[in-house]
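Below is one structure, written out as C-alpha cells, with a few remarks after it.
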Amino acid sequence: MARHYSEAEVVAILDGLDLDRLRSFVSAHVVTPVVTPQGAAYTETDLARLQLLCDLSDFYDLPSDSLAMVMSLIDQLNTARGDMRALIQAVATEPDEVRGRIQKSVRRLRIVRVEKG
C-alpha cells in the first residue's frame, strides 16, 4: 500500500513549502490530495510534484495560472511518453515483417516536405 503524508508531514519534508502555499497549490488544482478520514493526504508522487511546483514558482516567479498551464503540459508529456513506451513494447512483439512495415511507414510519415511556392 502506498504511503500517505499529512499536510503537516508534507510541509515538514519539503523546503520552501508552508501550509498556505500548499493550500494555494490545491486551490489552483495543480495538486490533488487523497481524502482520508484523517484529512487531506499526499502520495510520494504528490511530494515530487509539490517540490517541482515550489521550484518553478521560486525560480521563475510563476503565478498560479501559469503553474497550472506548465503542470498540464508536463502531465500531457508524461502521458505521451507512457503511450509511446506501450506502443514500442507492442510493436516489439510483432513479427519482423510487421515491424519492418511499421518502420518504413513511420519514416515516410516523418519526412518534412517543403513545397515549392
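Residues 58 to 174 in the working numbering are what the sequence shown spells out, letter by letter.
Built from N, CA and C at the ideal position, the CB exists for glycine as well.
All of these numbers come straight from a predicted model, not from anything done at the bench.
- Within the same chain, Cβ atoms closer than 7 Å to the Cβ of H61 are found at V91, T93, A98, Y99 and T100, the five residues on either side in sequence being excluded.
- The residue from S81, L76, L144 and D72 with its alpha-carbon nearest to that of L124 is S81.
- In the same chain as A85, and ignoring 5 residues on each side of it, the C-beta atoms closer than 7 Å to its own belong to S121, L124 and A125, in chain order.
- I145 and G139 have their C-alpha atoms spaced approximately 10 Å apart.
- In the DSSP annotation of this structure, the continuous segment of the beta strand (DSSP E) that includes G96 starts and ends at G96 to Y99.
- Residue ranges of uninterrupted beta strand (DSSP E) with 3 or more members, entirely inside the region 64-152 and ordered along the chain, are 91-93 and 96-99.
- Residue burial is scored here from C-beta neighbours: V88 has at least 16 other C-beta atoms within 10 angstroms and is therefore classed as buried.
- Less than 8 Å divides the Cβ of V127 from the Cβ of L113.
- Beyond the five residues adjoining it in sequence on each side, D103 comes within less than 6 Å, by CB distance, of V88 in the same chain, given in chain order.
- Cα atoms of K161 and D118: separation of roughly 45 Å, rounded to the nearest angstrom.
- With respect to the 8 Å criterion, D115 and G73 are classified as neighbours on the basis of their beta carbons.
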